[in-house]
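**Student:** The sequence shown lines up with residues -14 to 246 when you count with the working numbering.
Cβ atoms here follow ideal geometry from the backbone N, Cα and C, with glycine treated the same way.
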Amino acid sequence: MEEQNTQKSIFEVMNPQQTFIFGLVGGVMLLCTVGFFILLGIFLKGGNGVGLAYNNGNNPVVNNNAGVDNAAPNNVAPANIVIKDVDLKNDHIRGNKDAKITIVEFSDTECPFCKRFHETMLQIIDKYGKDIRWVYRNMPLDGLHQKARNEALALECAGAQGKFWEFTDMVYDKTTSNDGLDQTLLPVFAKNLGLNVSKFNTCLETKQFASVIQAQEADGQAAGGQGTPYSILIGPNGEKTAINGAYPFEQVEQMIQQYLN
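(1) So the alpha helix (DSSP H) V182 belongs to, where does it begin and stop?
(2) So D76 and T213 are in contact, right, with Cβ under 8 angstroms, and what is the actual spacing, rounded?
(3) Identify the continuous alpha helix (DSSP H) that holds Y157 and give its terminal residues.
(4) Secondary structure at I198, three-state DSSP: helix, strand or coil?
(5) Would you identify the three-state DSSP class for V67, choosing helix, strand or coil?
(6) Once DSSP output is grouped into helix, strand and coil, what is the label at Y113?
(7) In three-state DSSP terms, what is A133?
(8) Hey, would you say A178 sits closer than 7 angstroms to C142, going by beta carbons?
(9) Once the 5 residues before and after G147 are set aside, which same chain residues still bring their CB inside 7 angstroms of it?
(10) Please report the straight-line C-alpha distance between G34 and F102, rounded to a whole angstrom.
(11) For T87 and K74, what's the separation of their Cα atoms in angstroms?
(12) Please state whether the Cβ-Cβ distance between A133 and E95 is less than 7 angstroms.
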């Protein structure tokens, strides 16, 4: 006679409570395994915010990018950084307009890393305002932040009334980033700064500076920018270094000091 198989499976000898606990533990272990491989993939793709800055000699100069507001930092060095010259009449300049050291920033007001980098640049200007000039150019990331372009227009409209930097500081201070700013506050900011609100609203509604912002975007992309914040440090002799991400104060300071010694 053929011998019958009397061996029972582990689930047949376990009571319902034990089966539940076994399934729960197994599920947790599965989730942990999946999470590990997701994090590993992000790390390998650079999504942890680590990147490089490059100069126009195509050499890496910094290896600690604090992050940019796109999928991953751009680690590809432009072979030759091309950027529009600073226009003393039309560019928005903070610090010493005649300084020999320049930082041109391309930014998005709803980018969380730009908000962080704005604080860094305020510290830089506070300490080195006599030695450098900070130029701000808009680069709204429409795919990530639907409100950023309207806010860029608002910045330019405030600038038309002589309050660009005050308005910019206010927007970065009040927004929680990632489309967190209530757009009805923009004319309130204008009023608080003493602007002609009627002119401001007309400027904003008609998108008066749309072409200006498009030109600034094109300039940032031509300079190698693929995310924000993206900045170019320009030395006394025209040396150009890309600052690709929200670098902390200490690193930006170190990059500046090479031209001050």
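**Tutor:** Per the coordinate set shown:
(1) V182 to E190
(2) With 8 angstroms as the limit, D76 and T213 do not qualify as a contact, their Cβ atoms being about 18 angstroms apart.
(3) F149 to K159
(4) helix
(5) coil
(6) helix
(7) helix
(8) Here residue 178 turns out to be Leu, not Ala, going by the sequence shown. The answer is no: Cβ separation not under 7 angstroms.
(9) none
(10) Note that G34 has pLDDT 34, beneath the 50 cutoff, so the model's placement of it is unreliable and the number below is only indicative. Their Cα atoms are separated by approximately 14 angstroms.
(11) 16 angstroms
(12) yes
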